[in-house]
Structures are given as C-alpha cells and as structure tokens.
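Okay, structure first, notes after.
Number of protein chains: 4
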Amino acid sequence: MAIVLGANQYGKAEVRLVRVRRDGPRHELRDLTVSVALAGDLAEVHSSGDNAHVLPTDSQKNTVYAFAREHGVGQVEEFGLLLARHFVRTVPAITRARVTLTEHGWQRLGPHSFQRDGTESRVATVTVDAAGGVDADGDGTGSSVESGLTGLVLLNSTDSEFRGYLKDQYTTLPETDDRILATAVEAYWRHGEVEPAGGGKYWAESYAGVRAALVGAFVDTYSRSLQQTLYAMGHRVLVERPEITQVRLALPNRHHLLVDLSPFGLDNPGEVFVATDRPYGLIEGTVTREPDVAGTAPDDDGATTGGIG
Amino acid sequence: MAIVLGANQYGKAEVRLVRVRRDGPRHELRDLTVSVALAGDLAEVHSSGDNAHVLPTDSQKNTVYAFAREHGVGQVEEFGLLLARHFVRTVPAITRARVTLTEHGWQRLGPHSFQRDGTESRVATVTVDAAGGVDADGDGTGSSVESGLTGLVLLNSTDSEFRGYLKDQYTTLPETDDRILATAVEAYWRHGEVEPAGGGKYWAESYAGVRAALVGAFVDTYSRSLQQTLYAMGHRVLVERPEITQVRLALPNRHHLLVDLSPFGLDNPGEVFVATDRPYGLIEGTVTREPDVAGTAPDDDGATTGGIG
Amino acid sequence: MAIVLGANQYGKAEVRLVRVRRDGPRHELRDLTVSVALAGDLAEVHSSGDNAHVLPTDSQKNTVYAFAREHGVGQVEEFGLLLARHFVRTVPAITRARVTLTEHGWQRLGPHSFQRDGTESRVATVTVDAAGGVDADGDGTGSSVESGLTGLVLLNSTDSEFRGYLKDQYTTLPETDDRILATAVEAYWRHGEVEPAGGGKYWAESYAGVRAALVGAFVDTYSRSLQQTLYAMGHRVLVERPEITQVRLALPNRHHLLVDLSPFGLDNPGEVFVATDRPYGLIEGTVTREPDVAGTAPDDDGATTGGIG
Amino acid sequence: MAIVLGANQYGKAEVRLVRVRRDGPRHELRDLTVSVALAGDLAEVHSSGDNAHVLPTDSQKNTVYAFAREHGVGQVEEFGLLLARHFVRTVPAITRARVTLTEHGWQRLGPHSFQRDGTESRVATVTVDAAGGVDADGDGTGSSVESGLTGLVLLNSTDSEFRGYLKDQYTTLPETDDRILATAVEAYWRHGEVEPAGGGKYWAESYAGVRAALVGAFVDTYSRSLQQTLYAMGHRVLVERPEITQVRLALPNRHHLLVDLSPFGLDNPGEVFVATDRPYGLIEGTVTREPDVAGTAPDDDGATTGGIG
C-alpha cells in the first residue's frame with residue numbers, strides 16, 4: 001500500500017495586533033489575536049521540501065499588520081473575510097484559507113486611556129474556499145463565518161436543581177433541589193448570510209444581540225440540568241435573532257460543592273461552598289433551525305422563572 | 001559546625017471559598033482564595049517527625065469554611081484578621097500566622113445571577129504575631145495588614161514618551177515621543193491603623209479610594225518613563241488617602257512595538273502595534289511617608305496632562 | 001422554521017487518577033487524566049430538564065476509580081475501551097461513548113519512589129458506538145482507537161534551511177540555509193485493528209515503536225521546511241509500523257531568531273538566538289495509507305542526512 | 001509629612017536566550033531565561049521623568065545577547081556574575097544589580113538534536129552591590145549567589161505516614177500510617193565562596209551534588225510529616241556538600257487522596273488515589289549551619305529507611 005499525504009494546512013498562529021485609531025483626541029483601541037491557516041496544492045513541500053508554493057507564515061503575519069493599516073480593522077468577521085479572501089485570491093496554490101480572530105475587550109477610562117476587560121473574548125472563524133476567492137457577485141458563495149465568544153463566566157446562586165437522574169451501581173451523588181450553577185460559556189454561531197446588508201453595523205449588532213440572548217437565557221432559566229440551560233440559551237438566540245441559523249455551546253460545569261459543616265456543629269443552608277477545579281462536567285450541544293419539522297421547544301411551566309421565549 | 005533549622009512556616013494554600021448570603025431574594029456573592037501560613041515552635045516536627053505541635057493544614061482549611069459560616073465573610077482584611085488571630089490564640093505552638101486572601105470579583109446580573117469580573121483581584125495579607133494573639137485592648141498591636149490589588153491592566157495610547165536616557169555601547173533603542181504605555185498593576189499598601197474606626201466600612205471605602213487614585217494617576221500622568229508613572233500613582237494615593245502610609249507597586253511594561261510597514265509602502269503614525277509577551281520591562285518601587293523630611297513631589301509642569309495632586 | 005437540538009454530548013472531564021500496584025516491595029505507578037463524553041437519546045433533558053436518561057457525570061467519575069480497582073489500569077487504549085464499552089452497554093440511552101486518556105510519565109528512582117517525567121504525555125481517544133456495545137465476537141466492530149502523544153519538544157540546531165519559497169508583496173523574510181528547527185510534537189495515529197493479538201503488550205510495543213519512529217525521523221531529516229519534516233515523521237511511522245494506518249501531526253514552529261549583534265561589533269554565526277513565544281508557525285498534516293495508488297515517498301537525495309525509510 | 005520614594009528597582013524580565021556552541025559537529029545547547037533588576041540613584045526618573053540615569057531595559061536585553069556571544073554562557077552562576085558586575089561597573093547610577101537565571105534542560109538525541117527535559121529547571125540569583133563592582137582582589141566581596149532548582153516533582157508511594165498531630169475543634173482528618181507523599185521541589189542554596197577555586201567546574205559539580213542529595217534524602221526518608229522530609233533534604237545537603245552554607249526549601253504537598261470505594265463493594269488498600277490541585281499544603285523551611293551551637297540532627301531510628309547522614 002502506498003503512503004500518501006492526507007489533509008493538511010499551515011499558517012501563522014497567534015499574531016498579536018493592537019490597532020489605535022487616532023482621528024481625533026478620542027482614540028479607538030482594538031486588540032486582536034489572529035491566526036491564519038492555508039490549504040491547497042501543498043504536496044511538493046511535504047514530499048521534497050520544495051517551497052515554491054509556500055507563502056511564508058512570516059508573510060502572512062506581515063499581511064495582518066499591513067491590512068490593519070491599509071483597511072483598518074472592522075468587525076472581526078469583516079477583517080477575517082478580508083484576510084481570508086486575500087490569501088485565496090493571491091496565493092496561487094491556496095484553495096482554502098481559514099482565519100481565526102480573538103478580540104480582547106477594553107473599557108474606556110478616558111480619551112486615550114483604557115482598562116482591559118476581563119477574560120471574555122469575542123471570536124470569529126472565517127473560511128474561504130476557491131469559489132470564495134472568485135466570488136464575482138459578492139454574494140458570499142464559498143465563504144463561511146462562525147461568530148462566537150469564550151470566557152464568559154456566569155453563575156446562578158439558586159434556581160438550579162439536579163434530580164431524577166439515572167442511578168447505576170456507581171452512583172453516590174445525592175439529589176439536590178438547590179445548588180449553585182456556574183459555567184464559562186463557549187458559544188459559536190452561524191449566520192444566514194455571509195454578506196449581510198449593513199456590513200459592520202450588522203456584525204456588531206448581531207454580536208450584541210446574541211450575547212444578550214445567551215446571558216438572558218442563563219439568568220432567566222430555572223435549571224433542572226445544565227443541558228436544559230444550554231438548550232434554553234441556544235433556543236433563545238434562534239428565537240430572538242432571526243439572522244442566526246445555528247448555535248454551538250460548550251458549557252463546563254464549574255462545580256461548587258456545599259461544605260459539610262456538621263462536624264463543627266454548624267448547618268450550611270446553601271451558604272458556604274468550595275469551588276473545585278477538576279474534574280468538571282462538560283456539556284456540549286448544538287441548537288439549530290430545521291425547515292419543515294415540528295419544533296422541540298423547551299417545556300414552559302411554572303418552574304421556569306423567566307420562560308424561554 | 002552544627003546544622004540547624006532556620007526560618008520556617010507551613011499551612012494550607014489556595015483554599016477556594018464561595019460564600020452566598022441569602023437573607024432575601026437578592027443574594028450576595030463572595031469568592032475568595034485563602035492561604036494560611038503558621039510559624040512558631042516547630043523544631044520537633046522537622047527534626048523527628050513528631051507532629052504534636054502541628055495543626056493539620058486540613059484543619060486550617062476547615063477553619064476557613066467554618067468561619068465563613070459562623071462569622072460571615074467581611075472585607076478581606078477583616079476576615080484575614082479573624083482567621084490569623086484565631087490560629088495564634090488557639091494553637092499553642094504558633095507565634096505567627098499569616099493569611100493571604102484574594103477576592104475574585106463578580107458583577108451582578110440579577111437577584112441571584114452574576115458574571116465573573118475579569119482578571120483583576122483584590123488582595124490582602126494579614127500577619128498576626130504573639131502580641132496580636134493577646135491584644136487585650138484591641139488596638140491592633142501585633143497585627144499588620146497589607147491591602148492590594150493585582151491584574152488591573154491599563155493602557156494609554158498616547159501621552160507617553162521615552163527619551164533622554166543613558167546610552168551605552170549596547171543601546172540601540174530609538175527615542176520616542178509617542179508610544180503606547182500598558183501595564184498590569186500590582187499594588188500593595190499599608191494602613192495607619194489596623195483597627196480603624198468604621199471597621200468593614202473603612203476597609204471597603206479605603207480600597208475603593210486607593211484604587212481610584214491609582215487609576216486616576218495612570219490616566220492623568222503624561223509619562224516620560226514608567227518609573228514616573230509609578231511614582232505618580234503611589235504619590236496620588238498618599239495625597240488623597242491620609243489613612244495610607246505606604247504603597248508598593250510592581251508595573252510590568254507590556255511593550256507594544258510600532259510595526260515597520262515601510263517595506264509595504266505604508267506609513268505607521270502610531271496606529272499598528274504588535275503586543276509582545278516576553279521580555280518585558282519590570283518597574284518596582286515603593287512610595288512612602290517620611291516624617292520631618294522635605295517632600296519629593298513629582299515635578300508639575302506643562303507636560304503633565306492632569307497633574308499629580 | 002422549527003428550532004431543534006443538534007449534535008450533543010456530555011460527561012466528566014479531567015478525572016485525575018493515580019493507581020499504585022503494590023504486589024511486592026517494587027511498586028508500579030500509573031498517573032492518568034481521564035475524560036468521558038456520552039451521546040445518545042438525550043433530547044428530553046435538553047428540552048425539559050427531565051434527567052431520567054442522564055447518568056450523572058459524578059457517577060462516570062466514580063466508574064473510572066472503581067474500574068481502576070476492579071480491572072487495574074492496563075495500557076491507556078485498553079482502559080479506555082473498557083470504560084467506553086461499559087457506558088454504551090449499561091446506560092440505556094447512550095449510543096456512543098468517547099473516553100480520552102492522558103498518561104503522565106514518571107521515572108523510577110527506587111522501589112516506591114518516582115520522579116515526574118517532563119511535559120510529554122501519552123494519550124488515547126477511544127470511541128465506542130452502539131455496535132461496539134454489543135460486539136459479540138469481540139472483533140472490535142463499533143470501536144475505534146486513536147493513540148497519540150503531546151508535549152514532546154524537539155530541536156535540531158542545524159540541518160534545517162528555508163529557501164525558495166513564494167514571495168509576495170508582504171514578504172520580508174530573508175532566506176536561510178541554516179536555522180534552528182524546534183517544535184512541540186502533537187501526534188495521533190490509528191491502528192489497523194482495535195482488538196489486536198497481544199492486547200496490552202501490543203499497545204505498549206506499538207506506542208514505543210511509533211514514538212521512536214517520530215523522534216528518529218525528526219533527528220535524521222535534513223529539513224527544507226517543517227512540512228517536509230512532518231511528512232518524513234508520518235512516513236517513517238507507516239514504513240516502520242505496519243500496524244498503523246494513519247498519522248495526524250500538528251507541529252508548531254517554535255521560532256528561534258538569530259540575534260543581530262552587528263550593532264555591537266559582533267558576528268553571530270548561528271550561535272545566539274532569541275526563542276519567541278508568539279506568533280508561531282503551525283504546520284498540520286495527515287499521512288495515510290492508500291491502497292492501489294503509486295506512493296508519494298519523500299525525495300531521497302544527498303541533502304537528507306539519514307534518509308526517510 | 002513628606003511623601004518620598006522608597007526601595008525601588010527596574011530591569012528587563014524574561015529575556016529568552018538560546019546559545020549554540022558549534023565548535024565541531026557535536027553542538028552544545030544552552031537555553032536560559034534571564035531577568036535583570038537594577039537599583040541605585042534613581043530618584044530623578046521617579047519624581048520628574050528625567051531618564052538621564054536610566055539605562056533602557058532594552059539595552060539590558062541586548063547586553064545579555066552580546067555577552068552570550070562575547071563570553072559564552074558558562075554555568076548560570078558565572079554568567080549571572082558577569083552580567084551583574086557589568087551593570088554595576090558601567091552604569092554610573094547603579095549600585096546594585098540582581099540577575100536571575102533559569103536554565104531549561106535538554107537531553108541529547110544526536111550531534112545536533114535535542115529533546116526538552118521536562119519541567120525541572122536549574123536557577124540562580126546573583127546580586128552584586130557597589131563593592132562587588134570594584135572588587136579589586138576578586139575575592140567575591142559585594143557579590144552573592146543563590147543557586148537552586150524548581151519543578152522537580154517527586155513521589156513516594158509508601159513509607160509516609162501522618163499521625164499524632166494536634167487536634168482542635170476543626171480537625172476531621174483521620175490519621176494514616178501509609179499515604180502517598182508527593183511534592184514539587186523548590187530549593188535554593190548558598191555557597192561559602194562566591195569565587196570558588198575551580199570556577200565553572202565547581203558550579204557544575206556543586207549543582208549535581210546538591211541535587212543528588214535532595215533527591216536521595218527524599219527517596220530514603222521514612223516520612224512522618226513533610227516537614228521532616230524537608231529537614232532531611234536540607235540536612236543531607238549540608239552534610240554531603242561542605243561548600244553549601246544554607247538551603248531554603250518550599251515543598252507543596254500535592255495531596256493524593258485515597259478514594260473511598262466501599263459504596264461499590266470494593267476495598268482500596270492504598271491503590272487508587274485522586275490527585276488534587278487545590279488546596280495544597282505548603283511547607284517552607286531553611287536549614288543552615290550555625291557555628292558553635294549543638295546540632296539539631298534529625299532523629300535516627302529504625303523507622304528511617306535510609307538514614308539522614
């Protein structure tokens with residue numbers, strides 16, 4: 001049997017870009033980490049080390065910085081599309097470019113002063129294939145965008161229970177009707193259109209809307225399981241944001257265990273907890289639109305504080 | 001020459017404590033990491049493994065949780081004093097207890113819903129010695145408190161220069177009259193009194209005041225060096241907060257390097273930067289009150305945007 | 001359009017298991033981090049919070065510890081298969097279990113003394129579906145195994161060049177005929193059989209053989225690009241290890257930049273380098289067997305120090 | 001009361017230096033992270049931003065690289081002394097330089113091929129004051145060196161107990177006569193002479209000898225507490241290495257908790273453990289020589305497997 005090259009890609013990872021707009025005394029600050037991955041006709045470099053088809057990853061890095069100056073840094077989805085299309089269009093051997101962007105937030109403290117805004121990041125992954133490189137009518141053919149966020153840590157100190165689960169011979173967990181529910185949201189979502197009317201305004205508003213839906217559903221949902229909360233979050237995004245077609249969520253269950261204080265003659269009515277690092281539950285799920293199929297809306301009964309939609 | 005035991009201490013590090021107050025529908029959330037270190041007559045356990053003087057670190061951990069239930073978690077300084085005094089008073093061999101507390105902030109999203117508040121943490125280190133363990137008149141003798149914060153990342157996108165420095169044979173750095181100045185503030189400060197009138201109200205207000213002074217001075221100072229900014233920050237704390245006697249600051253210089261875009265036919269008037277990880281400058285300094293000595297106030301001239309105080 | 005649940009799974013992540021075998025004075029130590037992810041008929045828990053189909057992640061954790069006692073911890077592939085099959089067989093709603101295992105190495109220092117062995121880890125991902133849960137003849141139907149390693153950091157201080165690459169308008173990188181090549185190997189490979197004759201002996205020997213092939217090819221290859229080195233590594237595994245059908249590799253290019261010492265009147269003939277953190281090149285590729293197709297063996301000429309196969 | 005500048009220093013942190021010696025086909029590789037901190041007459045830069053006394057941290061970084069080329073990189077203590085003395089001697093305002101060096105180990109795989117050697121690092125901190133800058137007779141006056149290591153993770157799977165400790169009202173820990181003892185050694189030691197006969201040979205041999213003594217004592221000691229093990233480690237260093245005057249140790253107790261398998265009808269005779277991250281015990285202590293004082297040697301009885309010295 002022959003030995004052959006399979007799927008492959010290469011690129012520059014974690015290019016750190018800070019862009020200041022100084023049109024006037026009030027500066028605008030953007031802080032991104034950008035990764036590029038290119039695929040295409042790259043058999044020769046693998047088999048013989050012939051680099052003729054290889055645009056150096058150093059040049060990819062330079063492109064990120066040059067584009068930031070030439071075109072500015074729009075919404076992450078826009079900047080990613082700009083870069084990905086450039087690589088497919090201009091590098092002959094390349095038939096797919098994927099650009100992943102992470103935006104680090106800063107709060108304004110003054111006209112040119114800022115404070116870093118926590119661990120939450122806005123992200124986008126933009127993929128452009130050969131068709132996207134020649135997308136003459138600009139309808140987005142051959143391009144796809146996944147927007148997202150990571151590092152959004154949320155906690156409800158009540159309105160969470162975990163009961164009625166399957167017990168097997170290895171089950172020792174007691175049921176609880178009141179626990180802390182905490183998670184670090186990782187969410188990714190897809191848009192109906194890659195070239196929406198509105199451009200940057202669309203991407204910014206859509207992001208804000210999806211984020212609000214995710215947070216709102218977490219806050220409002222009386223949770224019988226983290227799976228239920230996950231689905232409620234994805235469901236609310238699709239109900240409130242018609243432009244979104246699919247949401248993927250990964251929710252680690254950051255367990256907060258009630259401390260047994262009875263050896264010290266103390267009760268503990270849901271007040272003192274130990275926050276644990278490992279292990280943790282990990283709940284992953286996708287919520288999507290399906291044409292022509294009866295919905296599976298989350299149940300809506302009295303136990304739900306705020307409803308699903 | 002004999003071989004002897006020198007300075008030593010032991011304790012439980014990084015006890016993760018989450019405390020919910022649920023007096024009504026509106027919960028209060030506190031999230032702390034607490035470390036305890038005890039010192040005293042511990043020669044025997046080192047030389048022979050005789051544990052008779054050793055309170056297990058597990059018991060120290062239990063004490064943190066039990067105290068959180070029994071006494072609640074006041075301001076970090078208060079909770080630290082409570083714990084440190086307890087160990088010195090009740091563990092016979094122990095003559096010094098040091099408790100280090102890190103408080104992780106949460107923003108409120110609803111009556112029982114919260115969002116984790118970034119990488120900034122409030123900290124306190126409380127040390128109590130034998131005199132503090134028997135402090136009959138409660139004047140704070142034998143107890144010391146250092147308050148602080150870490151992880152506060154600040155950036156000025158202009159009003160920072162670096163010129164006129166010493167050049168030696170290894171100097172290649174060009175002078176600049178406009179650069180990004182960014183740092184992650186680590187600050188620790190001492191109070192005139194360990195048992196201030198006002199108790200918890202004092203600690204909370206003092207913290208807020210010191211933090212505001214640090215941020216304000218960073219924002220307002222036209223910086224000719226990060227040392228100048230450091231001193232301006234410490235100086236402003238001491239000017240604005242009479243209860244504070246000393247401020248220690250460690251400011252990493254998170255270099256943002258202007259990207260040379262000239263190979264691509266582009267200028268770069270302070271707009272596109274690469275944020276670097278390593279190496280970094282590290283500026284450390286203490287600003288303190290000295291009785292009966294002429295002041296060394298920072299110069300106040302036109303180059304300073306907001307003044308020092 | 002309806003809103004529906006798409007792909008989903010849940011489980012316990014990062015269960016830390018240390019297993020001591022103490023059959024005699026010479027102990028054996030195994031140190032694993034195990035993650036479990038289950039998928040199946042889980043619509044109800046998402047839509048309504050009905051947990052009847054949900055085996056708690058806490059029970060999954062307990063199962064890992066109980067199995068370690070009941071069955072011992074064989075090679076990671078074996079222990080993963082044991083666990084994954086258990087979940088599919090015994091949890092009614094579950095039709096796919098994925099178990100990911102990371103083994104942390106320890107060197108022996110004495111009969112019951114050990115030293116942690118660096119950052120390199122052996123890993124395995126085992127997936128069992130419904131057919132694997134009822135695999136009556138035990139031929140491995142419905143089960144798949146991917147073995148691997150992570151954190152193996154390798155460096156060649158010469159015999160690496162990078163020349164003849166594509167130059168575009170953003171290319172400034174000078175060609176080099178002698179550089180440091182360094183990477184942290186992440187490699188995953190698939191086996192022809194899931195139930196190999198030899199059992200644990202097979203898995204252990206196969207792992208050692210694949211690792212040796214990867215390291216050997218890195219050391220021996222005169223590299224014109226990291227892609228060439230990647231392919232040589234995968235190629236050598238498939239040549240030397242007939243039991244392996246496919247190798248996936250991810251090789252970050254840990255750039256070591258030659259320092260320009262000319263401002264100080266010094267040359268630098270490949271001697272003084274700065275090791276950089278970010279950005280880094282990232283080269284990813286798969287090498288696989290393809291029946292009935294002429295091979296694409298790496299070129300073998302004088303420039304290759306040790307040859308490929 | 002006046003406000004004044006107190007203790008302060010500044011410098012470049014975490015300069016990443018890789019040095020290849022290529023005298024022949026067999027290369028030598030050294031991999032260091034170097035930090036510099038300078039102190040002296042720096043009041044002006046703090047008060048007014050006058051940088052006339054400030055050697056840029058960028059120049060300090062350049063010096064590290066240039067010295068690596070000019071002088072080579074000897075043992076970390078030597079390279080640190082070279083750098084620290086340079087700064088005190090040549091920078092007029094500087095009266096104290098502290099250089100901290102961390103060496104990352106690599107194993108040889110071939111004449112120019114290497115594999116990164118785990119998480120253990122050799123470290124040194126070198127401090128030179130004004131007297132050290134003019135040390136005419138080269139006897140080391142004004143210079144001090146602390147050698148050390150970090151990240152050495154050790155584990156004994158038996159011969160460790162914890163009993164007979166103090167119990168207070170918060171004690172729930174059961175006594176044990178057989179547990180896992182695991183720690184990540186952080187050790188720092190001082191030498192009788194800063195300018196030892198033998199130079200680099202001295203530093204290399206002393207390091208190897210101290211390391212062997214630390215590991216040997218950990219392995220050999222039957223431990224009744226981690227404090228006892230700490231003292232045995234420091235004691236053995238001082239017994240076996242007459243050139244060493246003091247050892248500081250910080251030993252986190254990486255708790256391995258026996259899993260209770262009784263709910264599953266299984267016993268657990270010291271075989272299945274959960275390795276925990278937080279909290280952890282932290283034991284810190286110094287062992288030193290004291291002239292003219294009766295020794296406090298660790299007890300030497302039958303319970304000690306290998307003896308102390």
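Chain order of the listed sequences is V, L, A and G. Per UniProt numbering, the very first residue in the first sequence carries number 1; after that it's consecutive. Per UniProt numbering, the very first residue in the second sequence carries number 1; after that it's consecutive. Per UniProt numbering, the very first residue in the third sequence carries number 1; after that it's consecutive. Per UniProt numbering, the very first residue in the fourth sequence carries number 1; after that it's consecutive. Just so you know, even glycine gets a beta-carbon here, dropped at the ideal spot from N, CA and C.
On the CB-based measure, 16 or more other CB atoms within 10 Å of its CB, does Ala13 (chain L) come out buried or exposed?
Taking a 10 Å sphere around the C-beta of Ala13 (chain L), we find 16 or more other C-beta atoms and assign the residue as buried.
Only counting the same chain, and skipping five residues up and downstream in sequence, which positions put a Cβ closer than 7 Å to that of Phe79 (chain G)?
Excluding positions up to five away in sequence, the list reads Val73, Leu101.
Between L:Asp178, L:Val128, L:Gly285, L:Asp129, which has its C-alpha nearest Arg224 (chain L)'s C-alpha?
Nearest to Arg224 (chain L) by C-alpha distance, out of L:Asp178, L:Val128, L:Gly285, L:Asp129, is L:Asp178.
Should Asp159 (chain L) be flagged as near chain V, meaning a C-beta pair shorter than 9 Å?
So, interface residue.
Classify Ala197 (chain V) as helix, strand or coil using the three-state DSSP reduction.
In the three-state reduction of the DSSP assignment, Ala197 (chain V) falls in the coil class.
For Glu175 (chain L), count neighbouring Cβ atoms within 10 angstroms of its own Cβ and tell me buried if that reaches 16, exposed if not.
Glu175 (chain L) should be labelled exposed.
Buried or exposed for Asp139 (chain A), please, with buried defined as at least 16 other CB atoms from any protein chain shown within 10 angstroms of its CB.
Looking at its Cβ environment, which holds fewer than 16 other Cβ atoms inside 10 Å, Asp139 (chain A) is exposed.
Can you list, in chain order, the residues of its chain with a C-beta nearer than 7 Å to that of Leu17 (chain L)? Leave out the 5 residues immediately preceding and following it.
So the qualifying residues of the chain are Leu32, Val34, Val64, Tyr65, Ala68.
Less than 9 Å separating the beta-carbons of Leu5 (chain L) and Gly285 (chain G)?
Yes, the Cβ-Cβ distance between Leu5 (chain L) and Gly285 (chain G) is below 9 Å.
Would you please verify whether the beta carbon of Tyr280 (chain G) is less than 9 Å from any beta carbon of chain V?
No, Tyr280 (chain G) lies away from the interface with chain V (no Cβ there is under 9 Å from its Cβ).
Which residues in chain L sit within 7 Å of Thr172 (chain A), going by Cβ to Cβ distance?
Under a criterion of Cβ atoms nearer than 7 Å, the residues of chain L adjacent to Thr172 (chain A) are, in order, Pro263.
Hey, does Ala7 (chain L) have any beta-carbon neighbour from chain G nearer than 9 Å?
The beta carbon of Ala7 (chain L) sits closer than 9 Å to some beta carbon of chain G.
Within chain V, partners of His191 (chain A) - CB distance below 8 Å:
The contacting residues do not exist; His191 (chain A) stays about 15 Å from chain V at best.
Contact check, Leu83 (chain A) vs Val36 (chain A), beta carbons under 9 Å:
Closer than 9 Å, so yes.
Near Gly151 (chain V), what residues of its chain come up, given a Cβ to Cβ distance below 7 Å and the 5 sequence neighbours on each side ignored?
Excluding sequence neighbours, Gly151 (chain V) sits near Thr119, Glu120, Ser121, Ala184.
List the residues of chain V whose Cβ lies closer than 8 Å to the Cβ of Gln169 (chain G), in chain order.
What Gln169 (chain G) touches in chain V: Phe264.
Inter-residue spacing [alpha-carbon to alpha-carbon] between Thr188 (chain G) and Gln246 (chain G)
For the record, residue 188 (chain G) in the displayed sequence is Tyr; it is not Thr. The alpha-carbon atoms of Tyr188 (chain G) and Gln246 (chain G) are separated by roughly 8 Å.
Could you tell me the distance, in whole angstroms, from the CA atom of Ala204 (chain V) to the CA atom of Ser143 (chain A)?
Their Cα atoms are separated by approximately 44 Å.
Comparing alpha-carbon positions, which option in V:His191, V:Thr221, V:Glu195 lies nearest Gly209 (chain V)?
It is V:His191 whose Cα lies nearest to the Cα of Gly209 (chain V).
Report yes if the C-beta distance between Arg30 (chain A) and Glu103 (chain A) is below 9 Å; otherwise report no.
Contact flag set, yes.
Give a yes or no on whether 9 Å exceeds the smallest Cβ distance from Phe114 (chain L) to chain B.
The question asks about chain B, but that chain is absent: this structure's protein chains are V, L, A and G.
What is the DSSP secondary structure of Ser223 (chain V), reduced to helix, strand or coil?
Reduced to three states, the DSSP call for Ser223 (chain V) is strand.
Can you tell me where the alpha helix (DSSP H) holding His46 (chain G) begins and where it ends?
Looking at the DSSP string, the run of the alpha helix (DSSP H) that includes His46 (chain G) is 43-48.
Could you list the residues in the segment 95-108 of chain L with a C-beta less than 8 Å from some C-beta on chain V, going in chain order?
Taking 8 Å as the Cβ-Cβ cut-off against chain V, the residues of the segment 95-108 of chain L that qualify are Trp106.
Proximal residues of chain G, C-beta to C-beta of Val73 (chain L) below 9 Å
Scanning chain G for C-beta atoms nearer than 9 Å to the C-beta of Val73 (chain L) yields nothing, as the closest lies near 17 Å away.
CB of Leu166 (chain G) within 9 Å of CB of Pro92 (chain L), strictly:
In contact: Leu166 (chain G) and Pro92 (chain L) (Cβ atoms closer than 9 Å).
Given this structure, state the Cα-to-Cα distance separating Asp129 (chain A) from Thr95 (chain A), to the nearest angstrom.
Answer to the nearest angstrom: the Cα atoms are 5 Å apart.
For the segment 59-92 of chain A, enumerate the residues whose C-beta is nearer than 8 Å to any C-beta of chain G, in chain order.
Those would be Asn62, Tyr65, Ala66, Ala68, Arg69, Glu70, in chain order.
For a test of the three-state rule: what should DSSP assign to Val73 (chain V), helix, strand or coil?
Coil at Val73 (chain V), not helix or strand.
Beta carbon of Arg22 (chain A), beta carbon of Ser206 (chain G): below 9 Å?
Taking 9 Å as the Cβ cut-off, Arg22 (chain A) and Ser206 (chain G) do not qualify as a contacting pair.
Roughly how many whole angstroms lie between the Cα atoms of Ala213 (chain G) and Ala52 (chain L)?
Distance between Ala213 (chain G) and Ala52 (chain L), taken at the CA atoms: about 28 Å.
Within its chain, find whatever has a CB closer than 7 Å to the CB of His112 (chain L); leave out the 5 residues flanking it on each side and keep chain order.
His27, listed in sequence order.
Evaluate Glu77 (chain V) with the Cβ neighbour count: other Cβ atoms within 10 Å of its Cβ, from every protein chain shown; 16 or more gives buried, anything less gives exposed.
Flag for Glu77 (chain V) reads buried.
Tell me which same chain residues have a C-beta within less than 6 Å of the C-beta of Asp135 (chain L), skipping the five on either side of it?
Short of 6 Å from the beta carbon of Asp135 (chain L), and not among the five residues preceding or following it, lie these beta carbons of its own chain, in chain order: Thr141, Gly142.
Compare the C-beta of Gly295 (chain A) with all C-beta atoms of chain L and state if any pair is closer than 9 Å.
Its pLDDT being 41, under 50, Gly295 (chain A) is placed unreliably by the model, and the measurement read from it follows with that caveat. For Gly295 (chain A), the closest Cβ of chain L is not nearer than 9 Å.
Do Arg278 (chain G) and Asp277 (chain V) have their C-beta atoms closer together than 9 Å?
The Cβ atoms of Arg278 (chain G) and Asp277 (chain V) sit closer than 9 Å to each other.
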